[in-house]
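Each remark here refers to the structure printed beneath this line.
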Amino acid sequence: MLEEKVAIVTGAGRGIGRDIALMMASYGACVVVNDLGASGAGEGTDVAPAEEVVSEIKAAGGEAIANFGNVAKSEDAKSMFEQAMDSFGGADIVVNNAGILRDAIFHRMTEDEWDAVIAVHLKGSFNISNAVAAHFKAQASGCFINFTSTSGLIGNFGQANYSAAKMGIVGLSKSLALDMSRFNVRSNCIAPFAWSRLIGTIKADTEAEKARVARIKEMTPAKIAPLCVALAQPASTISGQIFCVRNNEIFLMSQPRPIRSIHRGEGWTPETVLDHALPALERDFYSLDRSGEIFTWDPI
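The sequence shown begins at 93 in the working numbering and counts up one residue at a time.
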């Protein structure tokens with residue numbers, strides 16, 4: 093399905109990225125396995141995770157190379173693309189998966205915690221996409237797969253930095269889909285449910301929270317990879333969409349569209365907004381839900 097294609101997968105040394113790299117390689121892709129080898133908070137480096145994935149791919153008969161660049165640095169992103177070109181002679185698929193967490197309730201969140209998460213998730217996704225975009229345009233084909241989260245799409249406590257980054261990625265992905273559609277380049281988002289070392293940092297104090305974590309533990313990272321391979325295959329025409337994968341379930345997520353309107357021919361005053369507009373619209377207001385309050389049933 094991906095024969096003779098070259099995939100760059102960021103954050104591919106562990107978790108979701110690892111399984112995506114392995115499956116893409118098993119379907120014929122040559123894979124650049126990028127992983128800085130940092131902790132879940134983005135600290136430190138370690139070449140072992142990326143090298144181990146490369147070894148596993150090669151042992152199964154596939155082709156892969158390791159890359160230890162930091163996606164938050166534009167020069168590292170450009171080097172990653174150049175490595176793909178030098179080693180495999182091309183680049184066809186970009187999977188923007190790399191991420192870190194630095195959770196804190198908002199009034200305690202520091203600027204450093206905000207900047208670090210935005211840099212890896214949002215700027216990192218921009219850096220890799222931007223490094224490859226001109227090549228995709230020139231060859232009139234390419235696929236971006238960007239990772240968002242229900243923490244942004246729906247909401248969660250203590251993750252303002254992560255949620256903002258993940259919603260920013262939704263906007264980036266849609267812009268990539270719109271701007272590059274004329275060049276036969278596609279871009280989609282995936283919000284994954286899967287147990288990983290990052291998800292393992294979720295606090296579970298109440299019985300309901302502990303039960304939710306137990307459900308998430310049932311969902312392995314390997315469940316995300318099939319959708320990635322399907323979206324990446326050259327015959328696909330799907331672009332601009334947001335998917336969610338939850339164990340054996342695949343959801344198509346909604347995107348913001350007008351759901352209700354109200355008008356006054358003479359225009360509005362603050363008083364008529366309070367007396368008329370807001371009460372009329374209120375029945376369609378969204379409550380302050382978190383992801384676990386929307387996905388309330390056990391994973392299938």
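A virtual CB, placed ideally from N, CA and C, is assigned to each residue, including glycine.
By DSSP's criteria, Gln-251 is part of a beta bridge. Which residues make up the other side?
Residue 251 sits at position 159 when you count from the first residue of the sequence shown. Residue pairing by DSSP places Gln-251 opposite Ala-196 in a beta bridge.
Status (buried if at least 16 other CB within 10 Å, exposed otherwise) for Ala-151:
Translated into the one-based positions of the sequence shown, residue 151 becomes position 59. Answer is exposed; the Cβ neighbour count stays below 16.
Under 9 Å between C-beta atoms of Phe-332 and Asn-276
On the sequence shown, residue 332 is found 240 positions in, with the first residue counted as 1. On the sequence shown, residue 276 is found 184 positions in, with the first residue counted as 1. In the sequence as displayed, the identity of residue 332 is Gly instead of Phe. No; because the gap between Cβ atoms is not below 9 Å, this pair is not in contact.
So Ala-211 is in the beta strand (DSSP E); what residue range does that whole segment cover?
Position 119 of the sequence shown, counted from the first residue, corresponds to residue 211. Judged by DSSP secondary structure, Ala-211 falls outside any beta strand (DSSP E); it is assigned neither H nor E.
Cβ-Cβ distance between Val-125 and Ala-142 below 9 Å:
On the sequence shown, position 33 is the one that residue 125 refers to. On the sequence shown, position 50 is the one that residue 142 refers to. A contact, by the Cβ cut-off of 9 Å.
Taking 8 Å as the cut-off, does the stretch 182-190 touch the stretch 237-248 (at least 3 CB pairs, one atom from each stretch)?
Taking 8 Å as the limit for Cβ pairs, the verdict is that the stretch 182-190 does touch the stretch 237-248.
Look up Leu-344 in the DSSP assignment and give the residues it is bridged to.
On the sequence shown, residue 344 is found 252 positions in, with the first residue counted as 1. Paired residue(s): Phe-335.
If the criterion is Cβ atoms closer than 9 Å, does the pair Ile-282 and Ile-386 meet it?
For the purposes of this step, residue 282 is taken as the residue at position 190 of the sequence shown. For the purposes of this step, residue 386 is taken as the residue at position 294 of the sequence shown. Against a cut-off of 9 Å, the Cβ pair of Ile-386 and Ile-282 comes out as no contact.
Whose CA, out of Leu-264, Arg-110, Leu-114, Ala-369, lies closest to the CA of His-213?
Mapped onto the sequence shown, residue 213 falls at position 121. Of all alpha-carbon atoms in Leu-264, Arg-110, Leu-114, Ala-369, the one lying nearest the alpha-carbon of His-213 is that of Leu-264.
DSSP on Ala-232, reduced to helix/strand/coil?
Residue numbering aside, residue 232 sits at position 140 when the sequence shown is read from its first letter. It is coil, neither helix nor strand.
Through-space distance from Arg-356 to Asn-219, alpha-carbon basis:
Within the sequence shown, residue 219 is the residue found at index 127, counting from 1. Within the sequence shown, residue 356 is the residue found at index 264, counting from 1. Distance between the alpha carbons of Asn-219 and Arg-356 is about 46 Å.
Among Gly-359, Lys-229, Thr-298, Ala-257, the one whose alpha carbon lies nearest that of Arg-278:
Within the sequence shown, numbered from 1, the residue matching residue 278 stands at position 186. Of the candidates Gly-359, Lys-229, Thr-298, Ala-257, the one whose C-alpha sits nearest the C-alpha of Arg-278 is Lys-229.
Own chain partners of Ile-351 with C-beta closer than 6 Å, once the 5 adjacent residues on each side are dropped:
Here residue 351 is taken as the residue at index 259 of the sequence shown, counted from 1. Cβ within range, chain order: Asp-376.
Mind pulling the alpha helix (DSSP H) runs of 4 or more residues that sit fully within the stretch 135-166?
DSSP runs (the alpha helix (DSSP H)) wholly in the stretch 135-166: 140-151.
Taking the straight line between their C-alpha atoms, what separation do you get for Ile-197 and Arg-106?
Position 105 of the sequence shown, counting from 1, holds the residue named residue 197. Position 14 of the sequence shown, counting from 1, holds the residue named residue 106. Whole-angstrom Cα-Cα distance: 27 Å.
Through-space distance from Asp-195 to Ile-157, alpha-carbon basis:
The sequence position of residue 157 within the sequence shown is 65, counting from 1. The sequence position of residue 195 within the sequence shown is 103, counting from 1. Taking C-alpha positions only, Ile-157 is separated from Asp-195 by approximately 32 Å.
Use the C-beta contact count for Tyr-119: other C-beta atoms within 10 angstroms, 16 or more gives buried, fewer gives exposed.
For this step, residue 119 is matched to residue 27 along the sequence shown. By the neighbour-count rule (16 or more Cβ atoms within 10 Å), Tyr-119 is buried.
Quick one, which of Gly-103, Gly-260, Gln-175, Glu-301 has its alpha-carbon nearest Gly-384's?
For the purposes of this step, residue 384 is taken as residue 292 along the sequence shown, with counting starting at 1. Of the candidates Gly-103, Gly-260, Gln-175, Glu-301, the one whose C-alpha sits nearest the C-alpha of Gly-384 is Glu-301.
Short of 6 Å in beta carbon distance, which residues of its chain neighbour Ile-149, apart from the five on each side in sequence? Order them along the chain.
Locating residue 149 in the sequence shown gives position 57, where the first residue counts as 1. If we look at Ile-149 and ignore the five residues flanking it on each side, its Cβ neighbours are Ala-117, Ala-156.
When we look at the beta-carbon of Pro-284 and count the other beta-carbons within 10 Å, is it buried (16 or more) or exposed?
Along the sequence shown, one-based indexing puts residue 284 at 192. Buried, since its Cβ has 16 or more Cβ neighbours within 10 Å.
Could you tell me the boundaries of the beta strand (DSSP E) in which Ala-372 lies?
Looking up residue 372 in the sequence shown gives position 280. Taken as a continuous stretch (DSSP letters only), Ala-372 belongs to no beta strand (DSSP E), being part of the alpha helix (DSSP H) at 370-373.
Note the first and the last residue of the continuous alpha helix (DSSP H) segment covering Ala-99.
Indexing the sequence shown from 1 puts residue 99 at position 7. Looking at the DSSP string, Ala-99 is not in any alpha helix (DSSP H); the run it does join, the beta strand (DSSP E), is 98-101.
Quick one: what's Cys-281 bridged to in DSSP?
Position 189 of the sequence shown holds residue 281. Answer is Asn-238, Ile-334.
How far does the alpha helix (DSSP H) with Val-74 in it extend, from its first residue to its last?
This structure gives no information on residue 74, because the portion of the chain shown stretches from 93 to 392.
Roughly how far, in whole angstroms, is the beta-carbon of Ala-225 from the beta-carbon of Met-272, given that I think they are within contact range, below 8 Å?
Walking along the sequence shown from the start, residue 225 turns up at place 133. Walking along the sequence shown from the start, residue 272 turns up at place 180. Contact between Ala-225 and Met-272 holds, since their C-beta atoms are separated by about 7 Å, short of 8 Å.
Quick one: Cα of Ala-257 to Cα of Asn-340, how far?
Counting from 1 along the sequence shown, the entry for residue 257 is found at position 165. Counting from 1 along the sequence shown, the entry for residue 340 is found at position 248. So the alpha carbons of these two residues sit roughly 26 Å apart.
Applying the 10 Å Cβ sphere with the 16-neighbour rule, what's the burial state of Ile-392?
Here residue 392 refers to the residue found at position 300 of the sequence shown. With fewer than 16 other Cβ atoms within 10 Å, it is exposed.
Sub-9 Å separation of Leu-193 and Tyr-254 beta-carbons:
Locating residue 193 in the sequence shown gives position 101, where the first residue counts as 1. Locating residue 254 in the sequence shown gives position 162, where the first residue counts as 1. In contact: Leu-193 and Tyr-254 (Cβ atoms closer than 9 Å).
Under 6 Å Cβ to Cβ from Ala-176, same chain only, skipping five residues before and after it: list those, please.
Indexing the sequence shown from 1 puts residue 176 at position 84. Cβ-Cβ distances below 6 Å link Ala-176 to Val-98, Ile-100, Val-124, Ala-183 in the same chain, with the five nearest sequence neighbours on each side left out; the list follows chain order.
Cβ separation of Met-172 and Gly-154, assumed to be a contact under 8 Å, to the nearest whole Å:
Taking the sequence shown and counting its residues from 1, the one referred to as residue 172 is at position 80. Taking the sequence shown and counting its residues from 1, the one referred to as residue 154 is at position 62. The Cβ separation is near 19 Å, so there is no contact.
Which same chain residues, not among the five before or five after Asn-248, have their C-beta less than 7 Å away from its C-beta?
Along the sequence shown, read from residue 1 onward, the residue named residue 248 stands at position 156. Taking Asn-248 as the centre and dropping the five residues before and after it, the same chain places the C-beta of Ser-255, Arg-382, Ser-383 closer than 7 Å to its C-beta, in chain order.
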